[in-house]
Structures are given as C-alpha cells and as structure tokens.
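2 protein chains.
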Amino acid sequence: MTETNRQVQLAARPNGFPKNSDFQIAGAPVPEAGDGEMLVRNIYMSVDPYMRGRMNDFSGSYIPPFPIGGPMGGGAVGQVIQSKHGDFSEGDIVLNQNGWQEYFIRPGDKLNDGADPIKIDPSLAPLSAFLGVLGMPGLTAYAGLTEIGVPKSGETFYVSAAAGAVGAIAGQMAKIKGCRVVGSAGSDEKVAYLTDEIGFDAAFNYKTQDLNKALADACPNGIDVNFENVGGDMLQAVLHQMNSGGRIIYCGSISGYNATTPLPGPNNLMMMIMREVAMRGYIVTSHMHLMPAFYQDIGGWLKSGQMTYRETVVDGIENAPSAFMGMLKGENMGKMIVKVGPDPTQQT
Amino acid sequence: MTETNRQVQLAARPNGFPKNSDFQIAGAPVPEAGDGEMLVRNIYMSVDPYMRGRMNDFSGSYIPPFPIGGPMGGGAVGQVIQSKHGDFSEGDIVLNQNGWQEYFIRPGDKLNDGADPIKIDPSLAPLSAFLGVLGMPGLTAYAGLTEIGVPKSGETFYVSAAAGAVGAIAGQMAKIKGCRVVGSAGSDEKVAYLTDEIGFDAAFNYKTQDLNKALADACPNGIDVNFENVGGDMLQAVLHQMNSGGRIIYCGSISGYNATTPLPGPNNLMMMIMREVAMRGYIVTSHMHLMPAFYQDIGGWLKSGQMTYRETVVDGIENAPSAFMGMLKGENMGKMIVKVGPDPTQQT
Numbered sequence: 004m005t006e007t008n009r010q011v012q013l014a015a016r017p018n019g020f021p022k023n024s025d026f027q028i029a030g031a032p033v034p035e036a037g038d039g040e041m042l043v044r045n046i047y048m049s050v051d052p053y054m055r056g057r058m059n060d061f062s063g064s065y066i067p068p069f070p071i072g073g074p075m076g077g078g079a080v081g082q083v084i085q086s087k088h089g090d091f092s093e094g095d096i097v098l099n100q101n102g103w104q105e106y107f108i109r110p111g112d113k114l115n116d117g118a119d120p121i122k123i124d125p126s127l128a129p130l131s132a133f134l135g136v137l138g139m140p141g142l143t144a145y146a147g148l149t150e151i152g153v154p155k156s157g158e159t160f161y162v163s164a165a166a167g168a169v170g171a172i173a174g175q176m177a178k179i180k181g182c183r184v185v186g187s188a189g190s191d192e193k194v195a196y197l198t199d200e201i202g203f204d205a206a207f208n209y210k211t212q213d214l215n216k217a218l219a220d221a222c223p224n225g226i227d228v229n230f231e232n233v234g235g236d237m238l239q240a241v242l243h244q245m246n247s248g249g250r251i252i253y254c255g256s257i258s259g260y261n262a263t264t265p266l267p268g269p270n271n272l273m274m275m276i277m278r279e280v281a282m283r284g285y286i287v288t289s290h291m292h293l294m295p296a297f298y299q300d301i302g303g304w305l306k307s308g309q310m311t312y313r314e315t316v317v318d319g320i321e322n323a324p325s326a327f328m329g330m331l332k333g334e335n336m337g338k339m340i341v342k343v344g345p346d347p348t349q350q351t
Numbered sequence: 004m005t006e007t008n009r010q011v012q013l014a015a016r017p018n019g020f021p022k023n024s025d026f027q028i029a030g031a032p033v034p035e036a037g038d039g040e041m042l043v044r045n046i047y048m049s050v051d052p053y054m055r056g057r058m059n060d061f062s063g064s065y066i067p068p069f070p071i072g073g074p075m076g077g078g079a080v081g082q083v084i085q086s087k088h089g090d091f092s093e094g095d096i097v098l099n100q101n102g103w104q105e106y107f108i109r110p111g112d113k114l115n116d117g118a119d120p121i122k123i124d125p126s127l128a129p130l131s132a133f134l135g136v137l138g139m140p141g142l143t144a145y146a147g148l149t150e151i152g153v154p155k156s157g158e159t160f161y162v163s164a165a166a167g168a169v170g171a172i173a174g175q176m177a178k179i180k181g182c183r184v185v186g187s188a189g190s191d192e193k194v195a196y197l198t199d200e201i202g203f204d205a206a207f208n209y210k211t212q213d214l215n216k217a218l219a220d221a222c223p224n225g226i227d228v229n230f231e232n233v234g235g236d237m238l239q240a241v242l243h244q245m246n247s248g249g250r251i252i253y254c255g256s257i258s259g260y261n262a263t264t265p266l267p268g269p270n271n272l273m274m275m276i277m278r279e280v281a282m283r284g285y286i287v288t289s290h291m292h293l294m295p296a297f298y299q300d301i302g303g304w305l306k307s308g309q310m311t312y313r314e315t316v317v318d319g320i321e322n323a324p325s326a327f328m329g330m331l332k333g334e335n336m337g338k339m340i341v342k343v344g345p346d347p348t349q350q351t
C-alpha cells in the first residue's frame, strides 16, 4: 500500500490547558497485517475528558500516562480491511481502543489488555453512537445511576455538565426513573436544549448566573442525588443544597483537569456529615458486567424515543487536537466525535 | 432547699477558638419538682467536639445552636433526688442530655425531644463510662464500623485523632475485626498509648512528623478503610494513600471547627474517582437502633479485656469550659469528662 497512516502523538506534556504544540501528527506507511493479525481503518474516534489526565505524567492514576512521542489512544470505531485471523473478516466493524490514528494493527487473539477490538452490529445504531450513547459515556451514566447513587422516583436529581456526552444521558435516565431533573451547562443554547428538547425540569447557565443562587432556585426541595462531573466550586455549591441522606455520584471533576497546581477542594465538606451524604467515585471499566442490561435498557429507550442524543462531529484526524481542546472548553453539544475516515454505512 | 444550682451558659458566640469570656456561670436556687416531674443532680457531664458547632449561629446543622445567655447542653449522668413521677424513684441513675448544670427538672413522661432521661444500671460499668465507651462516643465508633464503612479482616484501617474518645474505640474494634490498625495522635504519649496499650499495629505523632511521609510509611499497603475525625490536611493526606475500593467513614472534621472562615477542602478529591473510594458522612443519632447490639458487643469486649478505655476527668462544673477547650486542643487522653458532683457508686 502507498497510503499514509496518520497518527496524533503527544509531543509534550501540557502545562495547564493543552495547546497545539503539545500534539504532533506523524505519518507512516499503512502497515500490513501479519499472521493472526488484522488491519483496521478507523472511521470515528472519541475525545473524552479523562484523556487530559493521561497527558500528565502521574503514576497514581488508574491508567498509565500517554508516552511522549507515542500515540494518544482511546475509543474508536473502525472497519477491518485486512484480516489474517479467523474470527474477523474484512468489512467487520470493530469498537477499539486505538483512536487518534487512521490505521492500526492488532492481533485477533484476545490480549486482555483492555483494548481488544469488539465486533459491533452496524444495523443497531449509527456507528458514532457506539462512542457515545451506546458506548463508554452512555455506560458511565448508566453505571452511575444503577450502581453508585441510585435515584428514586420523586427525588431531585441534579447533574452538572448536563449537555455533555455523559450528563445528557444521566439526566434523561433520571427522568425515566421518575426524578425531578435539574441540570447546568455553559451556554444558553445548551440550557434550552436541556429544558426544551430532552425534558429537564429546570436548567441554568452557570457562567452567567450566581451559582449558589441559581442552584438553590432550581432545586427548591434540595438535591437528593447529584451526578457530579465538574468538582471545585460546583461541588461546593452542591454540598450546600444536599438533602439529608443524599448521594453524590462522583464521576468527574473537569474543573481541575487543566490546573497547573491542585485546586482547593470544597470548603464545606462538613455538610456531608451534617446531611449524612454518601459520595462515591467510580470508573466505568469496573462496571463492564452491566453491558447486556445497558444495551437492553438504553437501546430500548432510544427506540421508544424516551431518550435522544446529540453529537458534535469534527471532520479529519488533523482536527482531533482542536476537537479535544474544544470539548474541554465545552464547545460540544452532546458527544464530541472526530470523523477519521469514510463511514461505509452512511449515504453520501 | 438553699443550695445553689450552677449552670454554664453561652455568653457569646466564639469567633474562632473559644475563650473564657464566651462562657458564664449562672447560679440560681435548686428548683423543686412539680407533679409528674423529677429533680436530677448531675454527677458527670460530657464535653464533645460537636458542641463547638452548636456555639455558632448556623441554621444548616442537624441540631439547633445553643442560645446566648441560655444553658449549654449535652450528655450527662445524674441521680434522681426528688421524683413526682411513678416511673422514676429517688436514687435512680439517669443518662440525660442536660449537662453543663448541677441540677435540672424534667418531666418523667416522654417528651420525645431527643433528651428524655434514660435509667441506666450502675452495676454494669462505672457511671462515667456511659458518657464514653458505653455512650455516644462508643456508639459513634460502633455505628461507623457497623453501618458506614465496614472493615474486613486483613484490611488496613487508619484512624485520625486515634487516642480520643471515638478514635480509640474505633481502632480497637477494627483490631477485633482482624484489621491492621494504624492511628495518629498529637503527642508521643498518645502514640505510645496506641501501640503499647491498646494494640495498634502502627501509630505516629502528626504534629512532629511530615504527615504524608508518616502516613505512607505507616501504611505500606495503603489504606482500605479510613475513620476520619479531622478533615483538612489530614483528609488530603489520607486520600493520597487510599486503596482502590476504599471507604471513608466521615465522622468528624475537628480541624475546621474553630475556623473563622471556611477552610479549603482537600485538593485531591479526584483520588476518590481514580481509586473508586466511597466516603459517607453520618450522625450517631441516626443509628440508635444499634443500641442493643452495641451494648452486647462492646460490653462483651470490655469484659473479656479485648477492649479497654481511658478517661480524662476534670473536677468541678466551674472547670467545664476549660475542659471543653482543652479537649478541642487534644489535651485529653480518651474521653474528656467533667465531674459535676459526688459519685454515689464510688468509694471515697
């Protein structure tokens, strides 16, 4: 083959918010699959907040840092274009963990390194959905509401970053469970999306309103379950509003991801004692056993129209760094996706 | 009667650490019991960290503030000296919530205001124990280990303020459950007590050692369960050492009780996500259903010698404010108790 395989690599560890020069695009000839291997062409790749943590050199995390001069990585959907393994055929669509590159080689045998490609059924949903509502972000929301801080009918459920890939699914799922659902987001357009399109009972723009007042006004009966994506000042405001016996599903803390020095935590953690609040952090990969129920429930809600989703699709792997940085700034509505190459299931 | 009933009142709301002038001692004639009432003479009273919160004018707490110019209050053990209620007889020993005064009148009928006197059996234990190991502090430890963050055999259990009324019981109970038990305290004498007298596997003086290093050295396998009494920098150090799937029993946050402005929280709360940690605040009064099991278990461990306790007893109600302030500074070993009057069960 004479085609070029482009790969986005980590050029330097960001100091604070990432910049273009922290990334580099390397090109190499597209490789050939050896015995027992397959060659995959990526179609869509995911950019997610957790990737920011992997750009740091921090050994205490649950996943290793990206190597400097090596590929970034993460969820992607691709198509097998050459297979020398009996379990995979040319044309198969595979969910994989080899994003940020146009082509890659993997053994067809299970390496059990958490990155084994999985065949998916392209008739179930648009391919990009397997990176969002039917993928890791969807499962993150589903696991949070199923195993971490189970909201009950009639309770007030508050989610920050509510128009994001995880937040919008968490909020809709809480609504299906019978909660009064409140969300916050960083633009009036997103707020309108929450209340007018996906059925939130209340929502506010945290950038233009006083956070404590807006949250208190939107949650007149307090908060029973908080789906926490932001941390910092947001979590501090939430703690003031938590009801006795409340639960905090601690999913993310995006407010601190680009800090050059650690940001102080909420100054009112004592509220957790006074209000008898339980707060639990979790990682989606510890909840993979939920996958069958997840596909059944979310798939059913999508089919019935009880749940909908949005995506922001950026075209071209060369734009992956700016898509990633835009996602960290909240420029996306719903899941931020990068289209790496042609989608064989799409009409052109 | 011509005797004087002395009462310690809140004279002013403290700004920061309490001072003598925040308290005043008022005297009045000892009252007479009316129909259906009883007159109780207090023998021992408790000073506890939570009382500092009740000195503030803060409506968000689970218990109302003490009124200015009114009595402080809290756990005490007294003797009925006059009864005009059929359920109580002169000579009965009663656990009550009318501390900080020498005498008080209560109806014998249940008011269900959380402060009904309860008859106790003085043959079971020394009377002061009903304010410590067999009282609210003991139940606080017991509830934390039974219903909040259940430690399992072989796990590392770390408790801060470990030589205090709650910490020493929590640590010994974790040891009985088969944990490796580590504690910290604020003097070398307390550290020696933990390791030499009550069987802690390791302990350190947080005032003279680097907190992060001492904690890491004392917990080479990380922390599985943390019994958190301190908050602030202590909790931040703990979060760095928490193991995946760890639990934090969030009992108190004494480091912040005397702050004039709210102190920043731990800057590494994100570790709760990365290590999948669950942290749960609680209030002992929500766990009163444990009382029978608590008496049986702790009573049994005291009898078998598997558990021991210490008390620091200060004599005279006029010294209650200094005993309270000394407790906030950590001057006590084990439970801080004020002896208000003669103990009829004690040989003199």
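Sequences listed follow chains A and B, in order. Under our numbering, the first residue of the first sequence is numbered 4, with each subsequent residue one higher. Under our numbering, the first residue of the second sequence is numbered 4, with each subsequent residue one higher. Backbone N, C-alpha and C fix where the C-beta goes; we use that ideal spot for every residue, glycine too. Note that the structure is a prediction, hence the values are computed from the model and not measured.
TODO: Output, in sequence order along the chain, the residues in the region 302-329 of chain B whose CB is closer than 8 angstroms to any CB in chain A.
DONE: Answer set for the region 302-329 of chain B: empty.
Open item on the list: I'd like to know whether the C-beta of residue 284 (chain B) is nearer than 8 angstroms to at least one C-beta of chain A.
Closed with: Looking up residue 284 (chain B) in the second sequence gives position 281. Residue 284 (chain B) counts as touching chain A.
TODO: Measuring only between beta-carbons, confirm whether residue 8 (chain B) sits less than 8 angstroms from chain A.
DONE: Residue numbering aside, residue 8 (chain B) sits at position 5 when the second sequence is read from its first letter. Answer no: the Cβ-Cβ gap between residue 8 (chain B) and chain A never drops below 8 angstroms.
TODO: Take residue 181 (chain A) and list the residues in its own chain whose beta-carbon comes closer than 6 angstroms to its own, dropping the five residues that flank it on each side.
DONE: Taking the first sequence and counting its residues from 1, the one referred to as residue 181 (chain A) is at position 178. Excluding sequence neighbours, residue 181 (chain A) sits near 156.
Open item on the list: Taking the alpha-carbon of residue 257 (chain B) as reference, which of B:302, B:289, B:48 and B:165 has the nearest alpha-carbon?
Closed with: One-based indexing of the second sequence puts residue 257 (chain B) at position 254. If we check each option's Cα against that of residue 257 (chain B), B:165 comes out closest.
Open item on the list: Whether or not the region 167-185 of chain B and the region 199-216 of chain B are in contact is what I'm after, with contact meaning three or more pairs of Cβ atoms, one per stretch, closer than 8 angstroms; do they touch?
Closed with: yes
- [ ] Using a threshold of 8 angstroms, state whether the C-beta atoms of residue 249 (chain B) and residue 220 (chain B) are closer than that.
- [x] The residue you call residue 249 (chain B) lines up with position 246 of the second sequence. The residue you call residue 220 (chain B) lines up with position 217 of the second sequence. For residue 249 (chain B) and residue 220 (chain B), no; Cβs fall outside 8 angstroms.
Open item on the list: Report the start-end ranges of each alpha helix (DSSP H) in the region 192-243 of chain A that is 4 residues or longer and not cut off at the edges.
Closed with: 214-221
Open item on the list: Give the list of continuous alpha helix (DSSP H) stretches no shorter than 4 residues that lie fully inside the region 35-63 of chain A.
Closed with: Taking 4 residues as the shortest admissible run, the region 35-63 of chain A contains the following complete alpha helix (DSSP H) segments, listed from N- to C-terminal end: 53-57.
TODO: Go through its chain and collect everything with a Cβ distance to residue 266 (chain A)'s Cβ below 6 angstroms, but skip five positions before and after it.
DONE: In the first sequence, residue 266 (chain A) corresponds to position 263, counting from 1. So the qualifying residues of the chain are 235 and 259.
Open item on the list: If you measure between the beta carbons of residue 297 (chain A) and residue 142 (chain A), is that distance less than 8 angstroms?
Closed with: For the purposes of this step, residue 297 (chain A) is taken as the residue at position 294 of the first sequence. For the purposes of this step, residue 142 (chain A) is taken as the residue at position 139 of the first sequence. Yes, the pair counts as a contact, with Cβ atoms nearer than the cut-off.
Open item on the list: Report the start-end ranges of each alpha helix (DSSP H) in the region 109-189 of chain B that is 4 residues or longer and not cut off at the edges.
Closed with: 139-146 and 170-179
- [ ] Name the residue from B:33, B:23 and B:147 whose alpha carbon lies nearest to the alpha carbon of residue 411 (chain A).
- [x] Nothing in the structure corresponds to residue 411 (chain A), since chain A is present only between 4 and 351.
TODO: Could you spell out the range, first to last residue, of the beta strand (DSSP E) harbouring residue 96 (chain B)?
DONE: On the second sequence, residue 96 (chain B) is found 93 positions in, with the first residue counted as 1. Note, residue 96 (chain B): beta strand (DSSP E), 96-99.
TODO: Could you tell me the distance, in whole angstroms, from the CA atom of residue 333 (chain A) to the CA atom of residue 174 (chain A)?
DONE: The count along the first sequence starts at 1 and reaches residue 333 (chain A) at position 330. The count along the first sequence starts at 1 and reaches residue 174 (chain A) at position 171. If I take the Cα positions, the gap works out to 17 angstroms.
Open item on the list: Check whether chain B comes within 8 angstroms of residue 331 (chain A), counting only Cβ atoms and requiring the distance to be less than that.
Closed with: If you number the first sequence from 1, residue 331 (chain A) lands on position 328. No, residue 331 (chain A) does not count as interfacial toward chain B.
Task: Interface residues of chain B facing residue 281 (chain A) [CB-CB closer than 8 angstroms] - done: By one-based count along the first sequence, residue 281 (chain A) stands at place 278. Correct list: 281, 282, 283 and 284.
Open item on the list: So residue 275 (chain B) contacts chain A; which residues on that side make the cut at Cβ distance below 8 angstroms?
Closed with: Within the second sequence, the letter at position 272 stands for residue 275 (chain B). Chain A residues near residue 275 (chain B): 253, 282, 283 and 284.
TODO: Could you tell me whether any Cβ in chain E is nearer than 8 angstroms to the Cβ of residue 110 (chain A)?
DONE: The structure shown contains no chain E; its protein chains are A and B.
TODO: From the DSSP output, in three-state form, read off residue 74 (chain B) for me.
DONE: Residue 74 (chain B) sits at position 71 when you count from the first residue of the second sequence. Three-state DSSP puts residue 74 (chain B) in a strand.
Open item on the list: Rounding to the nearest angstrom, what Cα-Cα distance links residue 335 (chain A) and residue 161 (chain B) in this structure?
Closed with: To locate residue 335 (chain A), count along the first sequence from 1; it is residue 332. To locate residue 161 (chain B), count along the second sequence from 1; it is residue 158. Computed Cα separation, rounded: 43 angstroms.
Task: Burial state of residue 49 (chain A) (16 or more Cβ within 10 Å) - done: As a first step, residue 49 (chain A) is located in the first sequence; it is residue number 46 there, counting from the start. Buried.
TODO: Rank A:326, A:31, A:330 and A:287 by C-alpha distance to the C-alpha of residue 189 (chain A) and give the top, closest one.
DONE: Residue numbering aside, residue 189 (chain A) sits at position 186 when the first sequence is read from its first letter. Selected option, being the one with the closest Cα: A:330.
TODO: Could you check the C-alpha separation between residue 28 (chain B) and residue 43 (chain B) for me, to the nearest Å?
DONE: The residue you call residue 28 (chain B) lines up with position 25 of the second sequence. The residue you call residue 43 (chain B) lines up with position 40 of the second sequence. Their Cα atoms are separated by approximately 19 angstroms.
Open item on the list: For a test of the three-state rule: what should DSSP assign to residue 321 (chain B), helix, strand or coil?
Closed with: The sequence position of residue 321 (chain B) within the second sequence is 318, counting from 1. Looking at residue 321 (chain B) - three-state DSSP - the assignment turns out to be helix.
Open item on the list: Check whether chain B comes within 8 angstroms of residue 272 (chain A), counting only Cβ atoms and requiring the distance to be less than that.
Closed with: The residue given as residue 272 (chain A) occupies position 269 in the first sequence. It does: the Cβ of residue 272 (chain A) has a partner Cβ on chain B nearer than 8 angstroms.
TODO: Could you name the residues of the region 23-52 of chain B whose beta carbon sits closer than 8 angstroms to any beta carbon of chain A, in the order they occur along the chain?
DONE: none
- [ ] Could you tell me whether any Cβ in chain B is nearer than 8 angstroms to the Cβ of residue 268 (chain A)?
- [x] Counted from its first residue, the first sequence places residue 268 (chain A) at position 265. Judged by the 8 angstroms Cβ criterion, residue 268 (chain A) is in contact with chain B.
TODO: For residue 255 (chain A), name the three-state secondary structure that DSSP assigns.
DONE: As a working mapping, residue 255 (chain A) is identified with position 252 in the first sequence. Reduced to three states, the DSSP call for residue 255 (chain A) is coil.
TODO: Please list, in chain order, all residues of the same chain as residue 8 (chain A) whose beta carbon is under 6 angstroms from its beta carbon, the five residues on each side excluded.
DONE: In the first sequence, the residue the question calls residue 8 (chain A) occupies position 5. The residues are 31, 33, 105 and 106.
Task: Continuous alpha helix (DSSP H) stretch holding residue 306 (chain B): start and end - done: The residue you call residue 306 (chain B) lines up with position 303 of the second sequence. Run containing residue 306 (chain B): 294-307, per the alpha helix (DSSP H) assignment.
Open item on the list: Quick check: what's the CA-CA separation for residue 376 (chain A) versus residue 285 (chain B)?
Closed with: In the structure as shown, chain A starts at 4 and stops at 351, and residue 376 (chain A) therefore has no counterpart that could be examined.
Task: CB contact below 8 angstroms: residue 234 (chain B) versus chain A - done: Counting from 1 along the second sequence, the entry for residue 234 (chain B) is found at position 231. It does: the Cβ of residue 234 (chain B) has a partner Cβ on chain A nearer than 8 angstroms.
Open item on the list: Please classify residue 61 (chain B) as buried or exposed, where buried requires at least 16 neighbouring CB atoms within 10 angstroms.
Closed with: Indexing the second sequence from 1 puts residue 61 (chain B) at position 58. The residue is exposed, with fewer than 16 neighbouring Cβ atoms inside 10 Å.
TODO: Check the Cβ-Cβ distances between residue 259 (chain A) and every residue of chain B, and say whether any is below 8 angstroms.
DONE: Position 256 of the first sequence, counted from the first residue, corresponds to residue 259 (chain A). Chain B contact via Cβ: present.
- [ ] Kindly indicate the opening and closing residues of the beta strand (DSSP E) around residue 339 (chain A).
- [x] If you number the first sequence from 1, residue 339 (chain A) lands on position 336. It spans 338-342 - the beta strand (DSSP E) in which residue 339 (chain A) sits, taken as one unbroken run.
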